[in-house]
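Here it is as structure tokens:
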């Protein structure tokens, strides 16, 4: 399912839930509060409309679950936390929906519970939508905000053509063709159809990157083991071009760029200094393990799932240091010296057996 269709169905699902819930509460005006005889006959048009919205909600739910559940098979060993919540909410909505249908069809003496069930469905729908729709809309926003008024505009495609040589793509990559509208549309399809198998759009879009870093990121992700069909070289090229197309130029003043680079160099120097100070046979200095673990989770989960580190962890203090430096240099990791120190200490303690040398 392509991204525009997925977003459209998600918004319709949310609006349908609100409409069905409103009509359910409206019909309760005609029902006695204690399950007694009705206070009057509800308008037939309102009853029919409530049923229509109810069945539209069911159909939309089935369509979206038909799309979501098979994708779970392609995830790697452990589902990302956001995906776990997403799946739990989706399945919970299904169970509540079955209860609602059973009451409406077989157990009508329990009809007084329908407003409560409708509110549960609405709550689950709102939470489910909040996990996915905003980031899909952000992708739309980035696409529309591109140079020239759109990601496929001639001006933006010219900009992408100028930036692609900076991405350090392999010599065989068709750089000239990657800036064409057909290639950019293909890249969007890869992003929405294949990249989200292992990453949600939040992970992908949370931080813009330079062309070279985008290509390194895409290439590194493609090298990871997965149960799904691996991306072809052409797919790697077009999705990199599309990510460059929606990232903009990161336009900042020369002074701001210089300050940002100075901060990164200072952070790298601080990590190197910390690694040197703690190196040696005596092991790690005293530190708050709980605070270090919490900092590691908060800082490192900004750009990728922690399960990726668990699957292929660093085995020594040197590898830990190199990993942190790479995250700063390539992924633009932003953290204070204190946070980087805690991340380093936690990773050495957890993955390198607490040995710094």
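Residue numbers (the numbering used here): 14 to 370. By construction, the Cβ of each residue, glycine as well, lies at the ideal position given by its N, Cα and C atoms. Please read these numbers as outputs of a predicted model, since none were measured by experiment.
- Contact between the stretch 61 to 80 and the stretch 166 to 180 is absent: fewer than three C-beta pairs spanning the two stretches fall below 8 Å.
- The three-state reading of DSSP puts residue 164 in coil, since its state is none of H, G, I, E or B.
- Your pair residue 199 and residue 251 checks out as a contact, with CB atoms roughly 5 Å apart and the cut at 8 Å.
- Excluding five sequence positions before and after residue 359, the CB atoms of its chain that fall closer than 6 Å to its own CB belong to 305, 306 and 309, given in chain order.
- The C-alpha of residue 139 is placed about 27 Å away from the C-alpha of residue 312.
- As for any alpha helix (DSSP H) of minimum length 4 sitting wholly inside the stretch 167 to 211, the runs are 167 to 176, 188 to 191 and 194 to 206, ordered along the chain.
- The count of Cβ pairs closer than 8 Å, one atom from the stretch 187 to 198 and one from the stretch 132 to 147, stays below three, leaving the stretches out of contact.
- Residue environment for residue 132: exposed (fewer than 16 other C-beta atoms within 10 angstroms of its C-beta).
- For residue 248, the uninterrupted alpha helix (DSSP H) run begins and ends at 246 to 260, by DSSP.
- A direct Cα-Cα distance of roughly 7 Å separates residue 78 from residue 103.
- Of the residues 35, 256 and 55, the one whose Cα lies closest to the Cα of residue 208 is 256.
- Rounded to whole angstroms, the gap between the alpha carbons of residue 162 and residue 170 is 11 Å.
- Secondary structure note for residue 224: its alpha helix (DSSP H) is the uninterrupted segment 224 to 235.
- Annotated three-state conformation of residue 347 is coil, per DSSP.
- Residue 322 and residue 29 have their alpha carbons spaced roughly 40 Å apart.
- Residue 121 and residue 99 have their C-alpha atoms spaced approximately 31 Å apart.
- Residue 112 and residue 97 have their C-alpha atoms roughly 23 Å apart.
- Between the alpha carbons of residue 60 and residue 125 lies a gap of roughly 16 Å.
- Annotated three-state conformation of residue 323 is helix, per DSSP.
- In terms of Cβ geometry, residue 141 and residue 106 form a close pair [threshold 8 Å].
- Measuring C-alpha to C-alpha distances from residue 164 to each of 258, 329 and 337 identifies 258 as the nearest.
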